[in-house]
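There are 2 protein chains.
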Amino acid sequence: MALFLSTHINKVDKKGRVSVPAQFRDQLSAEAFQGIVLFRSHAHPALEGFAWSYMEEISRRLENFDLFSAEQDDLATTVFGESVQLAFDGEGRVVLPVDLMRFAGVVEQAAFVGLGNKFQIWDAAELEKRRTEARRNVRDKNLTLPKGEAA
Amino acid sequence: MALFLSTHINKVDKKGRVSVPAQFRDQLSAEAFQGIVLFRSHAHPALEGFAWSYMEEISRRLENFDLFSAEQDDLATTVFGESVQLAFDGEGRVVLPVDLMRFAGVVEQAAFVGLGNKFQIWDAAELEKRRTEARRNVRDKNLTLPKGEAA
DNA sequence: CCAAAACCCATGCTATCCCATAAATATCCA
DNA sequence: TGGATATTTATGGGATAGCATGGGTTTTGG
Chain R
30 MALFLSTHIN
40 KVDKKGRVSV
50 PAQFRDQLSA
60 EAFQGIVLFR
70 SHAHPALEGF
80 AWSYMEEISR
90 RLENFDLFSA
100 EQDDLATTVF
110 GESVQLAFDG
120 EGRVVLPVDL
130 MRFAGVVEQA
140 AFVGLGNKFQ
150 IWDAAELEKR
160 RTEARRNVRD
170 KNLTLPKGEA
180 A
Chain F
30 MALFLSTHIN
40 KVDKKGRVSV
50 PAQFRDQLSA
60 EAFQGIVLFR
70 SHAHPALEGF
80 AWSYMEEISR
90 RLENFDLFSA
100 EQDDLATTVF
110 GESVQLAFDG
120 EGRVVLPVDL
130 MRFAGVVEQA
140 AFVGLGNKFQ
150 IWDAAELEKR
160 RTEARRNVRD
170 KNLTLPKGEA
180 A
């Protein structure tokens with residue numbers, strides 16, 4: 030299972046290309062599909078990034094719903110329908126679609142934020158504000174990690 | 030197993046031909062039958078699309094109904110009876126039958142929506158409403174992915 | 001024999017590939 | 001240990017191949 034850590038800021042060139050941090054690529058080296066999957070965050074002006082195999086896992090979970098059920102349909106439409114599949118080029122870059130860049134407010138500096146089995150892509154400037162907010166939430170609400178049986 | 034994701038909008042020409050997105054075709058490259066299977070959605074003005082091999086899975090699920098039950102009969106009639114098998118031409122296109130196009134309200138722009146192991150074809154304009162609806166449902170009903178025992 | 005469907009070829013555009021460079025990191029050996 | 005050399009990254013830009021699209025031509029089947 031891929032484990033994404035730390036934050037890396039890379040430049041988006043005029044073709045919309047951006048290097049996926051080498052550390053992240055290493056985590057994906059065993060994947061059947063060499064690239065990433067992105068979709069709009071539901072909570073932030075940012076993009077959520079996953080390994081291809083993670084999407085397969087989601088697909089498997091969706092099979093627990095009845096075929097053609099409204100629930101399966103709604104979830105699949107929002108999760109799969111709105112995601113994009115981006116392959117690495119020879120240098121480990123991906124091309125960010127313009128609509129996704131606009132959604133996340135990414136102008137020139139893209140910040141890759143590792144969040145465990147997923148990561149986020151923020152506009153570098155915007156991320157700073159988010160960081161402050163997250164820290165305040167953790168402190169104010171005394172958030173802690175649940176003791177875990179993993180999935 | 031094929032995994033369809035993202036949304037691709039392609040044009041339907043005056044012969045009724047439309048390119049199946051290359052990403053989708055890649056997912057079908059291992060299939061014995063090089064093409065897709067389509068039938069009318071039961072819930073939307075849209076078409077449901079599958080890999081040929083997935084029809085066997087549908088068949089298996091139908092066996093969960095009592096043999097000769099009214100439900101099984103109805104589903105089998107609509108799913109298998111009304112489905113069409115469309116082969117790719119040399120350029121990866123299929124010809125959409127006119128009655129299916131009319132059913133889905135497809136005029137010129139056909140939107141292929143990846144939904145995991147299946148996909149849907151919508152009229153591009155109509156799709157936006159569907160998206161909004163799906164998002165609202167997910168939020169209002171608090172739909173989440175069940176922690177998965179795999180199927 | 002005719003209409004529809006399958007096949008074949010042409011084209012513009014865009015995404016992908018490929019090479020080059022510079023900076024940062026790692027490696028090696030005295 | 002330190003300094004020199006090799007790798008790996010990130011980045012840039014030109015060349016190329018693949019995709020979506022259009023139209024013509026042959027084949028098929030009713």
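Chains R and F supply the protein sequences, listed in that same order.
Residues in the first sequence are numbered consecutively from 30, following my numbering.
Residues in the second sequence are numbered consecutively from 30, following my numbering.
Each residue gets a CB set at the ideal place from its N, CA and C atoms; glycine is no exception.
- For E155 (chain F), which option in F:V113, F:K43, F:E137, F:H71 has the closest C-alpha, if you only look at C-alpha atoms? Closest option to E155 (chain F), Cα to Cα, is F:E137.
- Message: Closest to G78 (chain R) by C-alpha separation, out of R:R46, R:S48, R:F141, R:E162, would be which residue?
- Response: Checking every option, the nearest Cα to that of G78 (chain R) belongs to R:F141.
- Message: Just to confirm my understanding: we take R46 (chain F), look at its own chain, exclude 5 residues before and 5 after, and list those with CB closer than 6 Å. What are they?
- Response: Result list for R46 (chain F): R122, V124, in chain order.
- Query: Along the chain, which unbroken stretches of the beta strand (DSSP E) at least 3 residues long are found entirely within the stretch 97-137 of chain F?
  - Reply: Counting only runs of 3 or more, we get 113-116, 122-124.
- Item | Best match in R:E120, R:V127, R:N171 for proximity to G64 (chain R) [C-alpha to C-alpha] | Taking only the C-alpha atoms, the option nearest G64 (chain R) is R:E120.
- Within 10 angstroms of the Cβ of L172 (chain R), are there 16 or more other Cβ atoms? Answer buried if so, exposed if not. A residue is called buried once 16 or more other Cβ atoms fall within 10 Å of its Cβ, and L172 (chain R), having fewer, is exposed.
- Item | chain R within 8 Å of N39 (chain F), Cβ atoms only | Judged by the 8 Å Cβ criterion, N39 (chain F) is not in contact with chain R.
- Segment contact flag, the stretch 30-44 of chain R with the stretch 89-102 of chain R, C-beta cutoff 8 Å, min 3 pairs: These segments do not touch.
- Roughly how many whole angstroms lie between the Cα atoms of D103 (chain R) and R160 (chain F)? Each residue's alpha carbon lies about 9 Å from the other.
- Query: How would you list, in chain order, the residues of chain F whose beta-carbon sits under 7 Å from the beta-carbon of S112 (chain R)?
  - Reply: For S112 (chain R), the residues of chain F that pass the 7 Å Cβ criterion are L34, S35, in the order they occur in the chain.
- Where the alpha helix (DSSP H) through F53 (chain R) begins and ends: Counting along the chain, the unbroken alpha helix (DSSP H) around F53 (chain R) starts and ends at 51-56.
- Cβ distance (whole Å) where G145 (chain F) is taken to contact F109 (chain R) below 8 Å: About 5 Å separates the beta carbons of G145 (chain F) and F109 (chain R), which is inside the 8 Å limit, making them a contact pair.
- Task: Residues of the stretch 142-173 of chain R with a CB closer than 7 Å to any CB of chain F: list them in chain order, please.
- Result: For the stretch 142-173 of chain R, which is checked against every Cβ of chain F, not one residue is closer than 7 Å.
- Item | Where the alpha helix (DSSP H) through D191 (chain F) begins and ends | With chain F running from 30 to 180 in the structure shown, residue 191 (chain F) is simply not present.
- Message: When you compare the CB positions of V66 (chain F) and Q114 (chain F), do they come within less than 8 Å of one another, or not?
- Response: Taking the C-beta atoms as reference points, Q114 (chain F) is found nearer than 8 Å to V66 (chain F).
- In chain R, which residues lie with their C-beta within 8 Å of the C-beta of A72 (chain F)? Per Cβ cutoff of 8 Å: F97, A99, D102.
- For Q164 (chain F), which option in R:Q101, R:W151, R:F97 has the closest C-alpha, if you only look at C-alpha atoms? Position check: residue 164 (chain F) holds Arg in this sequence, whereas Gln was assumed. Closest in C-alpha terms to R164 (chain F), from the list R:Q101, R:W151, R:F97, comes R:Q101.
- Query: If we call anything under 8 Å between Cβ atoms a contact, is A61 (chain R) one with W81 (chain R)?
  - Reply: Contact: yes.
- Using 10 angstroms around the beta-carbon of P50 (chain F), count the other beta-carbons present and answer buried if the total reaches 16, otherwise exposed. Buried is the call here.
- By Cβ distance below 8 Å, which residues in the same chain neighbour K147 (chain F) in space, the five residues on each side in sequence not counted? Exclusion of the five residues before and after K147 (chain F) leaves F33, E77, G78, F79, Y83 as the residues of its chain whose Cβ lies within less than 8 Å of its Cβ.
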